[in-house]
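Protein chains in written order, with the working numbering: chain S, 2 to 388; chain X, 47 to 236; chain H, 32 to 389.
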């Protein structure tokens, strides 16, 4: 029972910024969806189904907003699914859409992730008073900082590796017109001198809070062949989840992450990821997660991911494995879309359509998202060649 | 298509010259009336007696805290309560320079830590105080500092914070979630 | 399209009560998940894909489903996904995953614990956030507008709605997961009730409940190994209508009609010839719309469990309908069954699942 081949036919993104006050939620998702359809050379009527994802409903204060968004997404009379897998949701949403094509259920599926954080108050949404427990952590940084601290302790990484990642991603963002942060005058010293928020995480090493949407049109083999422009073929796709807190859990390098990467590379027939992957878009909401995920995914040996950062291996200019050429989550973070942006940017790279942040000759790209307490993982490998 | 794609809005003739609505504010208020689960109730009542209780897994004896009625590795129900000491080690920690929304009386920076009680298989969150924040270490031994008896309630906040005991540290490779090994009894290197 | 693989429900577990007190969502789901897996001799390690449905707005907490993962036993790590939808849609996602052929078994579950909050207020936040939600219309008032349209158009009478209420309460007798039942309630009793949201009376409105549901799916020969008489999913489809209540004909549910016709064509089954139908109708008026719109025949027994009117666990009620219909095939020898799930105001989104015993 073979899976159906699946291709990314089109990608659409909005400009990411702190407030998109000029559009409603419906306007925001429609903007990205339309751009994806235009890129794919398709019309609304060509879409068989829609798969939409976003982070917690409390972020906009609308319960199951896909019900209200059905009209704007041209979905009336069609199937729509709404995915929510914490921070990995943008990636998971793309994978659910892909499974509709892989399973032979639909020929062309529109998938979209969005967040309009300006319409509510994310800090409120994340700190709703919970009974019977003591509130001790301020924000996601408070959760991830200890994990980063442990990585630093066990790998012996120099203190400024995180700053190097942050500076690199902000430089990359200058080459992506959709990126939220365009810090033209930023210097490395400014990154280093930024205030500590959650020691060892500096303000400069955290992601912004953005409004935005990202959409893709996925199609089956016939749709891929019929496309006028280049498409990105799905070579491997997987999700993994693990519990949050249990004895023996390696929170720095979770087994769910390792298993997910191994599954994706197995499907793609990749045995040496570092040499066989040309470009990576990974979910790095705090700078230190770049070296941590490089190791976990298998691009570097354990405790050696930071050396790739130090050597500039992940830089768009001169690196052999450029990471987050779009500027990454550190430069744009509409949470529910952030994972899908990684998947979509990977597709743009192998289609040769990444503009000023294109990696020359990219043939195979890796898209990655994670969420929860580093518990939920979604990954894919896309390629210029039919698998 | 291009019109919407560029984010433009074309108003009908009748709305020409009318001041546009830029945003609407619609406050939302929802009330939830929570009851503690039986396991949460035992846990909170024990705090009122300056006791800390966990749940022992029937699978391999791993003790979970707070007690949530399940071993998350196996999806197995747990009901066996065990008393835990109020000493342990810092499995990991964060020095936070931001206030917590809605939480008063907490000076920044403060140290939040995963506290691994002696005999517990996982950590739970607590504040560390009693030493400068830059002296807190992974593996540092700590004990609970309780509120005075006349201020005790049925709440985890009965423990004001955790302070260093001065004992030798638990080595990095055995600190935190790595400290449990099935069947070894007292795990935390105490 | 014709499904590539045969997929069946091989086990079910349901628990619904008026209000869960002293029990968390995690503690609710542990025994249900174990019951569904144990019934077919599987452990979590044997499950190829896991998918769940729930709502943060019920829990009053962002990322609430993350905690519930503890109930599954997610270590070693599992291939898993979650929808912020009724569990029936999680089942659809799992069915799709099985179609792709990489896995042979799936665990599907969903749960809702609405009792800590006010469901009729929470549901107002499903409405258009700019034009409707700020008015906070209670869910039963929105449904009453639909019911009135139906009555005024002469498409149904008040007595017919009362008959639906009576059937639900009588059928629910003996169903341990129903929270409203009565062996001897009569149409006149219902007609004598004071309306809550005129024209809807208390018996016209589904009873809120807390609870959960777990289902194991298996493909092909694996299903035959695991279960003597699997409930084969012959057709499954879901559709959505426009959201704006003023933009559609509320006396119909076109998306339910379309989903049913697509599922029936796929299954090569006549909807009029089914043995039973489990409908997720939050009001008697919506049940009347569905019975007509889906094209159920006179010989089809509707809601033998009492249906969602007898216990409406938000986020699980649709999956419970699939479980109830499947159980009648697996255990009771029914041959052809329909299960329906809905979401959104006034039957906006609908899923239809057709199952057979052979």
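Heads up, the beta-carbon is just placed ideally off N, CA and C, and yes, glycines get one too.
Residue i versus the options, residue with shortest Cα-Cα distance
i, options, result
"residue 279(H)", "143(H), 78(H), 177(H) and 383(H)", "177(H)"
"residue 131(H)", "364(H), 97(H), 120(H) and 34(H)", "34(H)"
"residue 365(S)", "371(S), 388(S) and 298(S)", "388(S)"
"residue 88(S)", "226(H), 93(H) and 125(H)", "93(H)"
"residue 65(X)", "71(X), 72(X) and 57(X)", "57(X)"
"residue 1(S)", "234(S), 12(S), 376(S) and 123(S)", "Any question about residue 1(S) goes unanswered here, given that chain S covers just 2 to 388."
"residue 371(H)", "248(H), 221(H), 48(H) and 289(H)", "289(H)"
"residue 98(H)", "380(S), 381(S) and 376(S)", "376(S)"
"residue 84(H)", "115(H), 333(H), 377(H) and 292(H)", "115(H)"
"residue 343(S)", "336(S), 320(S), 283(S) and 355(S)", "283(S)"
"residue 91(H)", "113(X), 88(X) and 80(X)", "80(X)"
"residue 211(H)", "223(H), 198(H), 304(H) and 255(H)", "198(H)"
"residue 95(S)", "109(S), 42(S) and 113(S)", "113(S)"
"residue 53(S)", "209(S), 157(S) and 217(S)", "217(S)"
"residue 348(H)", "383(H), 331(H) and 117(H)", "117(H)"
Alpha-carbon to alpha-carbon, residue j and residue i
i, j, result
"residue 85(S)", "residue 258(S)", "18 Å"
"residue 111(X)", "residue 96(X)", "15 Å"
"residue 93(S)", "residue 295(S)", "20 Å"
"residue 113(H)", "residue 214(X)", "45 Å"
"residue 101(S)", "residue 80(S)", "11 Å"
"residue 56(S)", "residue 189(H)", "43 Å"
"residue 221(S)", "residue 175(X)", "59 Å"
"residue 62(H)", "residue 300(H)", "35 Å"
"residue 363(S)", "residue 103(S)", "24 Å"
"residue 123(X)", "residue 117(X)", "6 Å"
"residue 166(S)", "residue 289(S)", "7 Å"
"residue 229(H)", "residue 180(H)", "12 Å"
"residue 66(S)", "residue 17(S)", "20 Å"
"residue 124(H)", "residue 82(S)", "8 Å"
"residue 357(H)", "residue 339(S)", "39 Å"
"residue 170(S)", "residue 325(S)", "7 Å"
"residue 14(S)", "residue 187(H)", "48 Å"
"residue 196(H)", "residue 184(H)", "20 Å"
"residue 330(S)", "residue 142(H)", "32 Å"
"residue 166(H)", "residue 63(S)", "14 Å"
"residue 389(H)", "residue 70(H)", "20 Å"
"residue 111(H)", "residue 264(H)", "21 Å"
Assigned exposure category for residue i - 16 Cβ within 10 Å defines buried
i, result
"residue 162(H)", "exposed"
"residue 421(H)", "As shown, chain H starts at 32 and ends at 389. That puts residue 421(H) outside it, with no answer to give."
"residue 172(X)", "buried"
"residue 98(S)", "buried"
"residue 317(H)", "buried"
"residue 35(S)", "buried"
"residue 188(S)", "exposed"
"residue 227(S)", "exposed"
"residue 156(H)", "buried"
"residue 217(X)", "exposed"
"residue 410(S)", "In this structure chain S extends from 2 to 388, so residue 410(S) is not present and cannot be described."
"residue 144(H)", "buried"
"residue 47(X)", "Its pLDDT being 38, under 50, residue 47(X) is placed unreliably by the model, and nothing is read from it."
Anything in the segment 45-76 of chain S with a Cβ closer than 9 Å to a Cβ of chain X? List those residues in chain order, please.
Taking 9 Å as the Cβ-Cβ cut-off, the segment 45-76 of chain S approaches chain X at 62, given in chain order.
Give, in chain order, every residue of the segment 268-291 of chain H whose Cβ lies closer than 8 Å to some Cβ of chain S.
Answer set for the segment 268-291 of chain H: 268, 269, 270, 271, 272, 273, 274, 275, 278, 285, 286 and 289.
Could you pull out every unbroken beta strand (DSSP E) segment of at least 3 residues lying fully inside the segment 246-291 of chain S, listed in chain order?
Whole beta strand (DSSP E) segments, 3+ residues: 280-282.
Ranges of the alpha helix (DSSP H) found wholly within the segment 96-132 of chain X, counting only runs of at least 4:
Segments of the alpha helix (DSSP H) lying fully in the segment 96-132 of chain X: there are none.
At what residue ranges does the segment 169-207 of chain X contain a whole run of the beta strand (DSSP E), taking only runs of 3 or more?
The segment 169-207 of chain X contains these whole beta strand (DSSP E) runs: 170-174 and 187-192.
Note down, one range per segment and in chain order, each alpha helix (DSSP H) of at least 4 residues found wholly within the segment 336-375 of chain S.
Runs found: 336-352.
Which residues, taken in chain order from the segment 103-118 of chain H, show a beta carbon closer than 9 Å to some beta carbon of chain S?
In summary, the residues of the segment 103-118 of chain H whose CB is separated from some CB of chain S by less than 9 Å are 103, 104, 105, 106, 107, 108, 109, 110, 111, 112, 113, 114, 115 and 116, in the order they occur in the chain.
At a CB distance below 7 Å, what residues from the segment 97-131 of chain X approach chain S? Give them in sequence order.
When CB distances to chain S are screened at a threshold of 7 Å, the residues of the segment 97-131 of chain X falling below it are 108, 118 and 119, in chain order.
Taking a Cβ distance cut-off of 8 Å, strictly less, list which residues of the segment 51-85 of chain X are near chain H, in chain order.
If the cut-off is 8 Å between Cβ atoms, the segment 51-85 of chain X has 70, 72, 74, 76, 77, 78, 79, 80, 81, 82, 83, 84 and 85 near chain H.
Whole beta strand (DSSP E) runs in the segment 285-331 of chain H with 3 or more residues, listed along the chain?
Complete beta strand (DSSP E) runs here, min 3: 307-309.
Going along the chain, which residues of the segment 131-155 of chain H sit with their C-beta nearer than 9 Å to a C-beta in chain X?
Residues passing the 9 Å Cβ filter: 146, 147, 148, 149, 152 and 153.
Closer than 8 Å, Cβ to any Cβ of chain S: which residues of the segment 145-176 of chain X, in chain order?
So the list reads 145, 146, 147, 148, 149, 155, 158, 159, 160, 167, 168, 169, 171, 172 and 173, given in the order they occur along the chain.
Against chain H, which members of the segment 247-260 of chain S pass a CB distance test of less than 7 Å?
Those would be 247, 256, 257 and 260, in chain order.
Contact residues within the segment 16-44 of chain S, judged by C-beta distance below 8 Å to chain H
Listed by position, the residues of the segment 16-44 of chain S near chain H (Cβ gap below 8 Å) are 25 and 26.
Could you tell me which whole alpha helix (DSSP H) segments of length 4 or greater appear in the segment 218-254 of chain H?
Runs of the alpha helix (DSSP H) lying entirely within the segment 218-254 of chain H, each at least 4 residues long, are 218-222 in chain order.
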